[in-house]
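Below you'll find the structure, written out as structure tokens, and then a few comments.
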Amino acid sequence: MFLIHCPYCAEHREEDEFHAVGQAHLPRPPDPDAMTDEQWGDYLYFRKNPRGEHRELWVHAAGCRKYFNVARNTQTYEIYATYKVGDTLDLGDDPQAGATGSALNRRSG
Amino acid sequence: MLNAHQLRLQQKNRLDSGGRIERDKPLSFLFADRRLMGYAGDTLASALLANGVDVVGRSFKYSRARGIMTAGVEEPNAILQTGATESTQTPNIKATEQSLYEGLVCRPVNGWPSVNTDVMSVLGRLGGALMSPGFYYKTFMWPKSQWETYEKFIRRAAGLGRSPTLPDADRYDHMHHHVDVMVVGAGPAGLMAALSAARQGARVLLADERSEAGGSLLFSRDSIEGKPAMEWVADVVTELDASDSVTRLARSTVTGYHDHNFLTISERRSDHLGDRAPAHMSRQRLHKVRAGSVVLATGAHERPLVFANNDLPGCMLASSVSHYIQRFAVVPGTQLVVMTSNDSAYQAAFDWVDAGRKLVAIVDTRRDPDGAVTQMARQRGMTLITGSALIEARGRHRVSGAVVSPINAAATFVTGELRLLPCDTIATSGGWSPVVHLSCHTGSRPVWSDEKLGFVPGSTSEARFCAGAINGTLSLDQCLAEGVHAGSEAATAAHHLSSDRIMKIPASASGQEDVCAAMPVFLVPHTLPSSRAPKQFVDMQNDVTAAGIQMSTQEGFESIEHVKRYTALGFGTDQGKTGNVNGMAIVAHALGKTLAETGTTVFRPNYTPVSFGVVAGASTDLLFDPQRFTPMHAWHLQRGAVFENVGQWKRPLYFPQGDESMAQAIVREQLATRNGVGILDASTLGKIDIQGRDAREFLGRVYTNAWAKLAPGRCRYGLMCGEDGMIMDDGVTSCLAQNHFLMTTTTGGAAHVLSWLEIYQQTEWPELEVFFNSVTDHWATMSIAGPDSRNLLATLTDLDLSAESFGFMDWREATVAGIPARIFRISFTGDLSYEINVPAHYGLALWEALFEAGAAFGLTPYGTETMHVLRAEKGFIIVGQDTDGSMTPYDMNHGWAVANNKEFSFIGKRGMNRSDCLRTDRKQLVGLMTTDPSALLPEGAQAVRDPAEPIPMTMVGHVTSSYHSAFLGRRIAMAVIKDGLQRMGEKVYFPLAGGELVEAVICDPVFVDPQGIRQKA
Ligand SMILES: [Zn+2]
Chain A
632 MFLIHCPYCA EHREEDEFHA VGQAHLPRPP DPDAMTDEQW GDYLYFRKNP
682 RGEHRELWVH AAGCRKYFNV ARNTQTYEIY ATYKVGDTLD LGDDPQAGAT
732 GSALNRRSG
Chain B
61 MLNAHQLRLQ QKNRLDSGGR IERDKPLSFL FADRRLMGYA GDTLASALLA
111 NGVDVVGRSF KYSRARGIMT AGVEEPNAIL QTGATESTQT PNIKATEQSL
161 YEGLVCRPVN GWPSVNTDVM SVLGRLGGAL MSPGFYYKTF MWPKSQWETY
211 EKFIRRAAGL GRSPTLPDAD RYDHMHHHVD VMVVGAGPAG LMAALSAARQ
261 GARVLLADER SEAGGSLLFS RDSIEGKPAM EWVADVVTEL DASDSVTRLA
311 RSTVTGYHDH NFLTISERRS DHLGDRAPAH MSRQRLHKVR AGSVVLATGA
361 HERPLVFANN DLPGCMLASS VSHYIQRFAV VPGTQLVVMT SNDSAYQAAF
411 DWVDAGRKLV AIVDTRRDPD GAVTQMARQR GMTLITGSAL IEARGRHRVS
461 GAVVSPINAA ATFVTGELRL LPCDTIATSG GWSPVVHLSC HTGSRPVWSD
511 EKLGFVPGST SEARFCAGAI NGTLSLDQCL AEGVHAGSEA ATAAHHLSSD
561 RIMKIPASAS GQEDVCAAMP VFLVPHTLPS SRAPKQFVDM QNDVTAAGIQ
611 MSTQEGFESI EHVKRYTALG FGTDQGKTGN VNGMAIVAHA LGKTLAETGT
661 TVFRPNYTPV SFGVVAGAST DLLFDPQRFT PMHAWHLQRG AVFENVGQWK
711 RPLYFPQGDE SMAQAIVREQ LATRNGVGIL DASTLGKIDI QGRDAREFLG
761 RVYTNAWAKL APGRCRYGLM CGEDGMIMDD GVTSCLAQNH FLMTTTTGGA
811 AHVLSWLEIY QQTEWPELEV FFNSVTDHWA TMSIAGPDSR NLLATLTDLD
861 LSAESFGFMD WREATVAGIP ARIFRISFTG DLSYEINVPA HYGLALWEAL
911 FEAGAAFGLT PYGTETMHVL RAEKGFIIVG QDTDGSMTPY DMNHGWAVAN
961 NKEFSFIGKR GMNRSDCLRT DRKQLVGLMT TDPSALLPEG AQAVRDPAEP
1011 IPMTMVGHVT SSYHSAFLGR RIAMAVIKDG LQRMGEKVYF PLAGGELVEA
1061 VICDPVFVDP QGIRQKA
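Sequence order for the protein chains is A and B.
Counted from 1, the first sequence has number 728 at position 97 by this note's numbering; the numbering is strictly sequential.
Counted from 1, the second sequence has number 1031 at position 971 by this note's numbering; the numbering is strictly sequential.
Right, here's the structure in full:
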């Protein structure tokens, strides 16, 4: 059960209020009609499944209903950061360095 | 009522004084239909032992007699079924955890037909050959067809209790906590952690599984700060309970430690009060805790030593013998042999002798134990047998003797002569296993410590601290110190930094005593190899033996995880509490590896069994799965509607009159609507209010058809696809004003469509200014349909209803029966039809007004079944029935609803134009007319072109909708058939499961009024 900081509500809330949507930063191609079937298939169906740092899109479904990005570790379940749609986040080589991973940091975030 | 003397007589193992029991509160209880007595303060286990009950159950696989082995949550044998009535039956209750109350009823779970004579024990005595590891896989998997027979036998023979057949009569609830520091365990380390964190200003939650705080101090004879240990505990508890920032929970087991310091606690609020919870309180409560930091002070479980016949009743953990004597004034026997590999078991010998019972000997596996306790045993004249082991217990239903022999220094073989010591109780200690279960729940692997002779918690990314015996720390002074430090660190981590308030560390009397190092012993040798010696049990609950584990490694299982699954070591409710480390050491030894190399299996939630009741809490029945009612629901009920569930909605399926059957009712409803006027409650349709400068552009992107020119006052059917080009939802959207639309969705798709619109607006096209609001529940919707619907509506509104001023696919604002309404001239029946929306609170009033005026027209209410037939007569699809997520608009012959010329590449366009979607031989929506007009063509029936083709036949499609049309006087169907649009007039065949063959002709799915004259009337 995650404790997730909604960047719009600016609060930590229980995972119950959120839904995970899938991999983040997958913009809809600007000209779908110009794409081959294979390219379109890649866009629709092919996703990363990393062990370690991952970027996901979540929605505060039972809260503000806003979609936002989550940088988290799929192995330790640490959440490094959450940030708004349209923003980017560079965690560098050492995600932990800027992480809000432990509960105590999450509390101050 | 028994008098005091009789009570004493019955409890032959109860001491005259001492213990934390209330002798003036005797309690009677039933064990296997025998009336026994105990006292307030007893556990069920201590009361059974006081009464001299040796056998409390039969073992899982071998059906061997088993007695109480421990005094706590780690108990593998004394698992009982409690409950005086059917609705209070509770399986899987550990006698060591259940407090005694007046009238408690319990019975063994495995004793079939009774605990003392058990037919399964015949199987058990046949022994290893029949019941080898992997027994179930090997024996019962073949022949597969017999599994159901075997399973019944196994379940009856080897169950761990039974479920009640009546609903639980008690209430359960949930509570949430947000605290700075969660402390798990109220032993010496946990108490200190809670106190130091609280003194530092943190909000603290302290939970302990027992009825009283104190942990190991409950049965210790130590003193702290010059006070007897339990007096010191009472003082600490008083301070904690007086503090506003501390919440202390007793009888509360932390069962799960989840990500981000989220913990679940199962509190048994009234299980100790009686068979039923008192009327004013819940039986159990699930606490859901989010903590800034966590202190695990979960202690350690004593490891039994594994020797031959070590499961005989009378074999116990050394510390539990002390526990029963000190806490309950119960001495569980008369003549004791202690076997130990460390100092801690000597306490049991001292307690035993001080209770006036006979100590036969202390058998110490170490050559030259020289700690303070060994010296004291010598001073007290106790018989000490060193460098030796108790290799086998003798006895039938209870220990009657112990075979003792010298062993080598590595404890791997027997070196001298055997001696038989008569005794009825054997207390063993193989050291202490830290309770690392919770520390594993978040994915952290425990680490083996050669120094501590146990697995200690591994590293974690959570703000988690450990204190006391969980770290392998056994000295009381050290545990107190670790508690103080962990509490302070946890408070600091949770931002309570006032370090000047860090408390002084209390000192205990035992702090200065000399300790002799423990010796690693995980399997006591026998004169025979394990495979031929009497059974040496490692995991009592799952009947796993040393020989079984060794055999599994011989059969090629090398990973500890595989051995676990093959032998069932650490399975079930036991979770390896007493047996895991011994079992893993035996695996390691058999493989020639170290324990650090083989590692351990990890533990998962829950730490102990959790009742379904407490998991559900108050979320049962309607609070678990709510029902949604339309504003006209009361009317439907009164009219005797038969309802169907559509998601959470209750929708009338049909409205029977008198003793009409469903078939008769829907024929009447159909004809009344087609020939006069009918009314449908359509309030459940999803409704989304869409506004904003770019609302129209947005609709054009999410719908497949065009929206640029839809004028205010007009409505349009819209089709929505996913990016894969497959139909996702449909509905009518109306233009309320230039930048304001009302979208309707399918009843089941409403929530998904709203999320769909939101995600595209927020993540793909944030530049579009458009807002969505679900208004499904804001409006009551009723659809009047049929040739008389205009005449009926005219009696209730001044609006000009002529086709010239209010045409098909128009909407108007008007008052109907004096109620402000939106009227949409849209039709899902193919007949003249008006869909009237009024604010939900007016719904019933308008519905009733329509019936008052409708009497003259024979207004007939119809349900969803008639709605389905009428729409099928017009070939209208239902998304999710006629489509299945693999159908494009073209497949549904809805190409007319796709505007490929739109500037923006709308959602679904690219997908539906994939080469595979453009094949002309895809399954396509068509109508079907059976050659026999009354032939029943079931939905889902598979179509073939050649009924003579041998099996497997080539299937070319299936029926999606099939009804009896009262208006046409025959059956009609819709189907998806390969290349169906090019095959109008061709025959297809449907071989049914019963052997019949149904013949049908492919036709246009619009069976009624293909020109659309009726709906445009
Ligand atoms: Zn939010």
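We put the CB at the ideal spot given by N, CA and C, even for glycine.
Since we're looking at a predicted model, the values are computed, not measured.
Whole-Å CB distance - B:H234 paired with B:G677, under 8 Å assumed: 4 Å
Which residue's Cα is closest to the Cα of B:A408: B:L377, B:S401, B:A432 and B:R427? B:L377
Which chain A residues are close to B:K962, counting only those with a beta carbon under 7 Å from its beta carbon? Those within 7 Å of B:K962 in chain A number zero; the least Cβ separation is about 11 Å.
What is the DSSP secondary structure of B:Q71, reduced to helix, strand or coil? coil
Below-7 Å beta-carbon distance, A:C701 vs any chain B residue: According to the sequence as given, residue 701 of chain A is Val; it is not Cys. No, A:V701 lies away from the interface with chain B (no Cβ there is under 7 Å from its Cβ).
Should B:V986 and B:I896 be called a contact, given that it needs their Cβ atoms to be closer than 7 Å? No, Cβ-Cβ distance for B:V986 and B:I896 is not below 7 Å.
Start and end of the alpha helix (DSSP H) containing B:W695? H693 to Q698
With a threshold of 7 Å between beta-carbons, can B:I819 be considered close to chain A, or not? yes
Once the 5 residues before and after B:T1020 are set aside, which same chain residues still bring their CB inside 7 Å of it? The residues are Q941, D942, E999, M1034, A1035 and V1036.
In whole angstroms, what is the alpha-carbon distance linking B:Q698 and B:F715? 10 Å
Please go through the same chain and pick out, in chain order, the residues whose beta-carbon is closer than 7 Å to the beta-carbon of B:P686, but skip the five residues on each side of it. Answer for B:P686: Q708, listed in chain order.
Is the beta carbon of A:L688 less than 7 Å from the beta carbon of A:V652? yes
Quick one: what does DSSP say B:R216 is sitting in, helix, strand or coil? Note that B:R216 scores 49 on pLDDT, short of 50, meaning its location in the model is unreliable and no value can be drawn from it.
Name the residues in the segment 821-834 of chain B whose C-beta lies less than 8 Å from a C-beta of chain A; which are they? Q822, T823, E824 and P826
Quick one: which chain B residues come within Cβ less than 7 Å of A:K679? Those do not exist, as A:K679 stays about 18 Å from chain B at its closest Cβ, beyond 7 Å.
Distance cutoff 7 Å, beta carbons only. Does A:P638 sit that close to anything in chain B? In terms of beta-carbon proximity, A:P638 stays away from the interface with chain B, with every pair separated by 7 Å or more.
Taking 6 Å as the limit between beta carbons, can you name the residues of its chain near B:N640, skipping five residues before and five after? G630
Using 10 angstroms around the beta-carbon of B:R126, count the other beta-carbons present and answer buried if the total reaches 16, otherwise exposed. The residue is buried, with at least 16 neighbouring Cβ atoms inside 10 Å.
Tell me the DSSP secondary structure of B:N953 in three-state form. Note: B:N953 maps to coil in three-state DSSP.
Have a look at the DSSP bridge pairing and note the partners of B:E1059. B:Y1049
Beta bridge counterpart(s) of B:G514 as assigned by DSSP: B:S509
Taking beta-carbon pairs under 9 Å, can you tell me which members of the segment 332-351 of chain B lie near chain A? K348, R350 and A351
A:D668 touches chain B at which residues, Cβ-Cβ below 7 Å? R974 and S975
Assigned secondary structure, B:R753 (DSSP; H/G/I helix, E/B strand, else coil): coil
May I ask you to list the residues that DSSP assigns as paired with B:K287? B:I284
Contact check, B:R505 vs B:P373, beta carbons under 7 Å: For B:R505 and B:P373, no; Cβs fall outside 7 Å.
Cβ-Cβ separation, B:L365 to B:M242 (assumed contact under 8 Å), whole Å: The Cβ separation is near 35 Å, so there is no contact.
What's the C-alpha gap between B:F40 and B:D114? Residue 40 of chain B falls outside the range modelled here, since chain B spans only 61 to 1077, and no answer is possible.
Measuring alpha carbon to alpha carbon, tell me which residue in B:R222, B:N321 and B:I284 is nearest B:L265. Ranked by Cα distance from B:L265, the options B:R222, B:N321 and B:I284 are led by B:N321.
I'd like to know if A:Y714 contacts chain B, where contact means its C-beta is closer than 7 Å to some C-beta of that chain. Not closer than 7 Å to any Cβ of chain B, the Cβ of A:Y714 fails to qualify, so no.
Rounded C-alpha distance that separates B:N705 from B:S843: 20 Å
Quick check: is the beta carbon of B:R281 nearer than 7 Å to any beta carbon in chain A? No, no contact with chain A.
Name all residues in chain order for which at least one heavy atom of ligand 1 lies closer than 6 Å to the residue's CB. Any residue whose Cβ sits closer than 6 Å to a heavy atom of ligand 1 makes the list: A:C637, A:Y639, A:C640, A:H691, A:G694, A:C695 and A:K697.
Starting from A:E642, follow its DSSP beta bridges and name the residues at the other end. A:C637
How long is the line joining the alpha carbons of B:V244 and B:E162, rounded to whole angstroms? 30 Å
In this structure, how does DSSP classify B:Q66 when only helix, strand and coil are distinguished? DSSP places B:Q66 in the helix class (H, G or I) of the three-state scheme.
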